[in-house]
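Peer 1: Sharing a structure below in structure tokens format, with a few things to ask.
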Amino acid sequence: GTLTEDHDEL
Amino acid sequence: MNVFRLTGDLSHLAAIIILLLKIWKSRSCAGISGKSQILFALVFTTRYLDLLTSFISLYNTSMKIIYVGCAYATVYLIYAKFRATYDGNHDTFRVEFLVVPVGGLAFLVNHDFSPLEILWTFSIYLESVAILPQLFMISKTGEAETITTHYLFCLGVYRALYLFNWIWRFYFEGFFDMIAIVAGVVQTILYCDFFYLYITKVLKGKKLSLPA
């Protein structure tokens, strides 16, 4: 999937 | 950010504050599983190490600090300040049966075999089962204080709202994280039994008591 490197969710 | 994620975060924050205030005001942690609270402190510690490495937003950073701070404060109140009121005889869930398999799974199924990513994965898997000691304790005591049920309701609703957040993000941003989604579904399913009791009993003014 298009996973962002940084997990931007809490 | 979308409405489901924001209300989810606020519901999570409400749960954390409700519990902390309940223990602080009543000066008692009767009916509260210290083991679950230790697991939540572990979840936040392993998930928010990126506080040291990356800055996403003021909201993100401040919420993470609040979550970690409240989690440790709650553990401190249970195991130190109000230790005398801790009901260890009913808080007997074997958490090693959660931490070890979750730890192993985090090594096997993750997005990237790097320390931070494995710890993040561990925290996602652990969070999905961290409430089990608390639910187990309620089944053993056969009841829960009403304020505790509000805490559990907010805590359960937060991840259910995150499921809608992931649907929203998939549809509008093409973003999805299968690990978080699967763990979130498992986590929400574990609350279903409690949700049923909460809606049919607590919301009707009755006390939550299980057939012991």
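Going down the list, the protein sequences come from chains A and B.
Using my numbering, you'd call the opening residue of the first sequence number 1 and step up by one each time.
Using my numbering, you'd call the opening residue of the second sequence number 1 and step up by one each time.
Glycine included, C-beta positions come from ideal geometry on N, C-alpha and C.
Using 9 Å as the threshold, is the C-beta distance between Ala15 (chain B) and Tyr151 (chain B) below it?
Peer 2: Yes.
Peer 1: Which residue spans inside the region 24 to 75 of chain B form an unbroken alpha helix (DSSP H) run of at least 4?
Peer 2: Within the region 24 to 75 of chain B, the complete alpha helix (DSSP H) runs of at least 4 residues are 34 to 47.
Peer 1: To the nearest whole angstrom, what separates the beta carbons of Leu210 (chain B) and Thr149 (chain B), a pair I think is in contact under 8 Å?
Peer 2: Wrong, their Cβ atoms sit about 12 Å apart, outside the cutoff.
Peer 1: Check the C-beta distance from Ala213 (chain B) over to Phe40 (chain B) and give it rounded, since I have them as a contact under 8 Å.
Peer 2: Chain B is shown from 1 up to 212; residue 213 (chain B) falls before or after that span and cannot be answered.
Peer 1: Assuming the contact rule is C-beta atoms closer than 8 Å, Asp50 (chain B) and Leu116 (chain B) should be a hit. Round their C-beta distance to whole Å, please.
Peer 2: That belief holds up - the Cβ atoms of Asp50 (chain B) and Leu116 (chain B) are roughly 6 Å apart, short of 8 Å.
Peer 1: Could you check whether the region 101 to 116 of chain B touches the region 131 to 144 of chain B, counting it as contact only if at least three pairs of C-beta atoms, one from each stretch, sit closer than 8 Å?
Peer 2: At 8 Å Cβ cutoff, the stretches do not touch.
Peer 1: Alpha carbon to alpha carbon, how far is Leu19 (chain B) from Lys35 (chain B)? Give it in angstroms, no decimals.
Peer 2: So the two alpha carbons sit approximately 14 Å from each other.
Peer 1: Below 8 Å on the Cβ atoms is my guess for Ala183 (chain B) versus Ser128 (chain B); work out the distance and round it to an integer in Å.
Peer 2: Contact flag correct, Cβ pair sits at about 4 Å.
Peer 1: Between Ala212 (chain B) and Leu52 (chain B), what straight-line distance do the alpha-carbon atoms span, to the nearest angstrom?
Peer 2: Because the pLDDT of Ala212 (chain B) is 49, which lies under 50, any placement of that residue in the model is unreliable, and the number read from its coordinates should be weighed accordingly. About 46 Å.
Peer 1: Among all the DSSP beta bridges, which residues are the ones paired with Glu143 (chain B)?
Peer 2: BP columns for Glu143 (chain B) point to B:Ser209.
Peer 1: On the three-state DSSP scale, how would you describe Ile179 (chain B)?
Peer 2: Ile179 (chain B) falls in the helix class under three-state DSSP.
Peer 1: Against chain A, with Cβ distances strictly below 9 Å, would Tyr125 (chain B) count as a contact?
Peer 2: Not one chain A Cβ lies under 9 Å of Tyr125 (chain B).
Peer 1: Quick one: is Gly1 (chain A) near chain B, going by C-beta distance under 9 Å?
Peer 2: Residue placement at Gly1 (chain A) is flagged as unreliable, the pLDDT there being 37, under the threshold of 50; a coordinate-derived value is accordingly withheld.
Peer 1: Is the region 151 to 168 of chain B close to the region 65 to 79 of chain B, with three or more CB pairs under 8 Å?
Peer 2: Contact between the region 151 to 168 of chain B and the region 65 to 79 of chain B is absent, because fewer than three Cβ pairs lie under 8 Å.
Peer 1: Compare the Cα-Cα distances from Asp91 (chain B) to each of B:Ile32, B:Ser62, B:Asp112 and report the closest residue.
Peer 2: The shortest Cα separation from Asp91 (chain B) among B:Ile32, B:Ser62, B:Asp112 belongs to B:Ile32.
Peer 1: Kindly indicate which three-state DSSP category Arg94 (chain B) falls into: helix, strand or coil?
Peer 2: In the structure shown, Arg94 (chain B) sits in coil (DSSP, three-state: anything other than H, G, I, E or B).
Peer 1: Under 8 Å by Cβ, that's how I've got Phe122 (chain B) and Ala106 (chain B) pegged, so tell me the actual separation to the nearest angstrom.
Peer 2: Right, their Cβ atoms sit about 4 Å apart.
Peer 1: Can the beta-carbon of Tyr191 (chain B) be found closer than 9 Å to that of Arg159 (chain B)?
Peer 2: A contact, by the Cβ cut-off of 9 Å.
Peer 1: DSSP three-state label for Asp9 (chain B), please.
Peer 2: Helix at Asp9 (chain B).
Peer 1: Near Leu3 (chain A), which residues of its chain fall below 8 Å by C-beta distance, leaving aside the five closest residues on each side in sequence?
Peer 2: For Leu3 (chain A), the predicted structure reports a pLDDT of 46, less than 50, and the residue's modelled location is therefore unreliable. A value from the coordinates is still provided. So the list is empty, once near-sequence residues are dropped.
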